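A.B. asks:
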RNA sequence: GGGCGGUUAGCUCAGCUGGUCAGAGCGCCUCCCUUACAAGGAGGAGGUCAUAGGUUCGAGUCCUAUACCGCCCACCA
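In the working numbering, the protein residues as written are 1 to 833.
1) Beta-carbon within less than 7 Å of residue 117's beta-carbon, same chain only, minus the 5 sequence neighbours each way: which residues are those?
2) Got a sec, what are the start and stop residues for the beta strand (DSSP E) residue 253 sits in?
3) Would you list the one or two residues that DSSP bridges to residue 366?
4) With residue 234 as the anchor, note down where its alpha helix (DSSP H) starts and where it stops.
5) Extract the residue ranges of the beta strand (DSSP E) inside the segment 169 to 233, only unbroken runs of 3 or more that lie entirely within it.
6) Are the Cβ atoms of residue 844 and residue 540 separated by less than 7 Å?
7) Does DSSP classify residue 650 as helix, strand or coil?
8) The beta strand (DSSP E) spanning residue 113 covers which residue range?
9) My understanding is that residue 559 touches residue 724, with C-beta atoms under 8 Å, so please give their C-beta distance in whole angstroms.
10) How long is the line joining the alpha carbons of residue 756 and residue 721, rounded to whole angstroms?
11) Applying the criterion that 16 or more other CB atoms from any shown protein chain within 10 Å of the CB defines a buried residue, is residue 291 buried or exposed?
12) Express the C-alpha separation of residue 140 and residue 158 in angstroms, rounding to a whole number.
13) Compute the Euclidean distance between the alpha carbons of residue 519 and residue 248, then round it to the nearest angstrom.
14) How would you write the range of the beta strand (DSSP E) that residue 146 sits in, first residue to last?
15) Can you give the Cα-Cα distance for residue 251 and residue 238, rounded to whole angstroms?
16) Looking at C-alpha atoms only, which residue of 612, 750, 567, 636 is the closest neighbour of residue 671?
17) If you compare alpha carbons, which of 740, 402, 701 is closest to residue 714?
18) Leaving out the 5 sequence neighbours to the left and right, which residues in its chain are closer than 7 Å to residue 825 when beta-carbon positions are compared?
19) Cβ of residue 281 within 7 Å of Cβ of residue 133?
20) Go through the segment 389 to 445 residue by residue and report every complete run of the alpha helix (DSSP H) that reaches 4 residues or more, in order.
21) Taking residue 557 and residue 620 to be in contact with their CB atoms under 8 Å, please state how far apart those CB atoms are, rounded to whole angstroms.
22) Below 8 Å CB to CB, which residues in the same chain sit around residue 490 once its five sequence neighbours on both sides are set aside?
23) Looking only at DSSP bridge pairs, what is residue 101 linked to?
24) What are the boundary residues of the alpha helix (DSSP H) that residue 52 is part of?
25) If you reduce the DSSP assignment to three classes, tell me which class residue 591 lands in.
26) Can the beta-carbon of residue 575 be found less than 7 Å from the beta-carbon of residue 673?
27) Residue 68 to residue 506, Cα distance in whole Å?
28) Applying the 10 Å Cβ sphere with the 16-neighbour rule, what's the burial state of residue 700?
29) If you scan the segment 736 to 800 from start to end, which runs of the beta strand (DSSP E) of 3 or more residues do you find wholly inside it?
30) Could you give the first and the last residue of the continuous beta strand (DSSP E) run that contains residue 89?
31) Which residue comes first and which comes last in the alpha helix (DSSP H) that contains residue 500?
32) Go to residue 342, then tell me how far its alpha helix (DSSP H) extends in each direction, as first and last residue.
33) Could you say which of 649, 762, 599, 308 lies nearest to residue 396 if we only look at CA atoms?
34) List in chain order: all unbroken beta strand (DSSP E) runs of 3+ residues lying wholly within the segment 112 to 142.
35) Straight-line CA distance for residue 480 to residue 473?
36) Should the segment 405 to 420 be called in touch with the segment 81 to 89, which here means at least 3 C-beta pairs below 8 Å?
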C-alpha cells in the first residue's frame, strides 16, 4: 500500500526430528519400526507425510489471508535449497569451522540421535539421592576377593569414600572419585585408589575445583562419559571416558553384570546390590531437574559420541556486532539482552543427527586412509590417498542448519547475481515468536553474516506466544494440536476476526491467551463496519458522487464534518507513528475506537439530520461520509483484509484510487484538516447531548419524545445555534421550544446540565422531582468544590513555578471552568430553594 | 543460582518517551426491535493501578526492596 516492492516468501522447513518422530509413530501403529522399513522406504513415507501436511499448512496460511508470493514458495529439501545447504557446509568445512569429534552430547535414546543443547528441556523430578561408598585400597585391603553380589565383595575393606549420586547406573562408567581440594574430610585420600564396585576397576581419588565441599559428602563419583561436569573434570585429569550404554540406553558390555539391562532396570538392581554389599549408606528424597527430549520427552542421556560440530565463537561474535552496531534491531529491545547473553555463552553447535530425514552430511570417509573429505561434487576417490573405498556419512544435518540459511537460500543464493537475491537481500523484517530467537534467528544471523557478509535482516520483531487455558504454548508439535486449528476459529468467527484479535490482544513480546470473547468482539466489529458501509451506500446517489472530491479545508464544511476529518487525520498520524514503533495492537484499537465511536455513533448519527432532510443538498455530507469510510478501510486493511476489501469494492469508483484495496495507497495525514477549534466545539456539543440524554434517562422521559430546552452560554451560543438541528436530533429536543441565549433567568422546575460555561435547563415540569434534583446538584457541587480545592492547592504550591508553562496554564483554565460551573450550580440550587 | 516478564474494574486485557490515563471488550443494572446494525443503540454502577519505601512540583507510568504467578538461562553430583 505504500508502493514499495515487497516480498513475503512462503515456505516450510522439513522439521527433521519432528517429522521423523511422527512418521515413526505412524509406523508403530502398523507394527513397524523404521529399521524394518529401511532408510529409503522410510524417507518415502516421510515425503508422503510432508506433502499432506504441506497442503494443510498452505491452506491454513491462505485462509489466514497471508498475502505472500506463492510462486516463490520454497521447501528446505528442494534441490536449490539443498544446494545452498551443501555450499554452506563445504565453505564452513574448508574454513575449519566445521569439525568432527568425540564429545559429550545430549543423546535421545528414543530418537537414537544426538540433539542440541536447545532441544533439551529440563523437567523437575522427584528423585532420590543415594549415598554410597567405595572401598579404598590401603595396607589392610587391596581389592575384593569375592564375587559381586556375594554379599562379601567388600569384605575386609577398612577405609571407604562416601559420595552421593542421583544416577547409580552410571557408576559402571566411573573412572575416578573427586573431592574438593581443600576438603579436610577426604584430603588424606587424595592420590589414593578406590575400587569401583561391581566392576572392580581401580580408580584414582582426585581433587578438583568443580567439586562443591558443601554438597552431600563432599566427594563425587566421576563418570566422564555420562555427565557434563564429570566430562570436564575428566579432561582436566586425563581420565578415560567409558560409555556404558547402547544407542537405546541399555547397558552395554562395559556394564559388566548389568549388560543388557535397561538403564532404569539397572538402576534398581545396582542399588539393591549395593545394599547387599553394605555399600549403600542411605537414601534421601531429592528433587532435581532431568533433561528431556523436546520432541519425544524421553530422558536425555549425556553421552560421549562422535558428531559433527560448528565452531560458533567467531560466528557469534559477528552476529553480536551486527546487533551492537544497529545493523539489526531486535524488538522489543530487552530481547537483545537475552540474545547477547546466549551468544556470549554459546557452545559449539552439534549439527549431526542420527536421523534419516534431512540433508545427508556431504562428507565421505575413506576406508583406505581414514581421512574424510567434503566438496560440492561427490568424490570418486580419496584426495588423501587415492583410495576408491569411500563411504558417505550416514548422519543428516540438524534442520536448523538449513533453516538458518532461509533468508538467502530461498532467494537464489549461492548465486549472488540471482535477481531475487540482489533485490531482496538483506531482508527487512524477521517476524517470529520470542521462543525461537536462539533456535532460528541466532542461527540465521550467524550463518547469514558468515555466508553473505551481511546480517539477514534489519529488524527482528518478536511477538509473544499464544497460550491455551493451561498456560501451555500452542505449537504444532502439541499432542492435541488439532484442538487448536485456526480453521475452526476462522469458521466460527472469520479470518478478519482472528487476525484482528491476534494483533490487538497482544503487546510486543508478551504472551496472550486467545479469549473467545475477544474473537466475538472482533467479529462484531467487522459486522459494524459492514453495517456502516451499508448505511453510507444506501444514502449515496449517483449525483452525490458525480465529480467527487475528497473533502478539504476549503469546502463548506459543517462542525461535525470538520470534527470527523480532524479526528481522522489525527488517527492517521497516530497509526503511522504506532506502526513505526511496532505497536500494532494499539493501532488496531485506535482504529476500532475511531470507527465505532466517532464515525458510527456520532458522525453517521449526526449526518442523518441532513440526509433525511429533503430540503438539504447531500453532496458534501455524503462526500465526507464516503471519504472517512474509504480512508478507514485503508487503515484497517492490514488487520481485516477481507471485509475491508469487500466493502471497498462496493464503493463508487469516484471515491477511491486503484483497482483493489490491497494495492490502494496508504492514507497520508493532511495537516490542513487538523482543527482544534472544531474538536473543542464538538466536544461541548457532545457533552451537552450526553448530559441531556442522561437526564432524560434519569427522569424516564419517553424515548423519542421531544422536550423543550433552554441553553445559556456566554461564549458558545453561536456554535450551538448553528448545530441546533444536530442537537435537537441527537438529544431529542423540540426545536420549537429551544432557546439559546448568552444568559437567562433559569426556570424554576427544570433539570440542569452544566458543561463548562454552558448551562442547559430542561423544564420538565411535573416530571422533575425537586428534591432529587437538589440532591443531585448538591452532589455535583461537592464534587466540583473538591476539584477546585485540589486545583487551587496545586497552583498555590511549587507546581506553578516548576511545571512547564503549558501544563500550568491548562490547570489554570481548568480551575476557571470549574469556578464557572460552581457559580452555575450554586445559582441553580438557590432557585430550587 | 542468575536474568526477564506479569500483578490495573467481577472476567480477559490496553495504557508509548512521567502532567485530562484511570481505559476497552465482555459481564452487571435501566431503558429502546427509532427506516445501517439487537453480532445493535442510549444511559448507568464498578478500580486507593500487588505491597512497602524512595525520586519528582507531579508516578499504573522512574528507582529500591518484598510477595505471589510465569518464562528463560545455568555443569550443583
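Every residue gets a Cβ at the ideal spot worked out from N, C-alpha and C, and that includes glycine.
Only a predicted model underlies this, so the values are computations on that prediction, with no experimental measurement involved.
C.D. replies: According to the structure data:
1) 106, 347
2) Neither: residue 253 is in no beta strand (DSSP E) and is coded neither H nor E.
3) 390
4) 228 to 237
5) 176 to 179, 193 to 195, 202 to 207, 219 to 222
6) As shown, the chain starts at 1 and ends at 833. That puts residue 844 outside it, with no answer to give.
7) helix
8) 113 to 115
9) The Cβ separation is near 11 Å, so there is no contact.
10) 17 Å
11) buried
12) 7 Å
13) 47 Å
14) Segment: none, residue 146 is in no beta strand (DSSP E) and carries neither H nor E.
15) 24 Å
16) 567
17) 740
18) 754, 777, 780, 781, 784
19) yes
20) 399 to 403, 406 to 409, 419 to 424
21) 7 Å
22) 63, 64, 498
23) 307
24) 39 to 63
25) helix
26) no
27) 23 Å
28) exposed
29) 751 to 755, 758 to 762
30) Note, residue 89: premise wrong, no beta strand (DSSP E); alpha helix (DSSP H) at 79 to 94.
31) 495 to 504
32) 334 to 344
33) 308
34) 113 to 115, 120 to 135
35) 12 Å
36) yes
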